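Below: the structure, in structure tokens.
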Amino acid sequence: MPRTTYLAKTFTAGCFICHGGDAAWHSANAQALAARHHDLTGHETWCNIVLQWTYGEHGDGEPTEDKTE
Ligand SMILES: [Zn+2]
């Protein structure tokens, strides 16, 4: 059966000093913002990137190639 595959990426990042545990940045460059904020301020920052794969006709995100057997 042919497989339709979607990949959605969710970015969350923030600064422990400025934002507590809350995420302040959600864009695709959230990791770069966290790294730059650390360099500018010396604050401890963090970034999470979640990959969500969906198989089927109504997936979230971008249609993508999946080489999984
Ligand atoms: Zn900060």
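Numbering of the sequence shown is given in our numbering, commencing with residue 3 and proceeding in unit increments.
All C-beta atoms in this analysis are idealised placements derived from N, C-alpha and C, irrespective of residue type, glycine included.
Quick caveat: nothing in here was measured; it's all calculated off a predicted structure.
| query | result |
| --- | --- |
| DSSP state of ALA26 mapped onto helix, strand, coil | coil |
| 7 Å Cβ cutoff met for ALA32 and CYS49 | yes |
| 6 Å CB neighbourhood of THR47 in its chain, flanking five on each side removed | CYS17, ALA36, HIS39, HIS40 |
| Local Cβ density within 10 Å of ALA15, reported as buried at 16 or more and exposed below that | buried |
| beta-carbon CYS17 near ligand 1 non-hydrogen atom, thresh 6 Å | yes |
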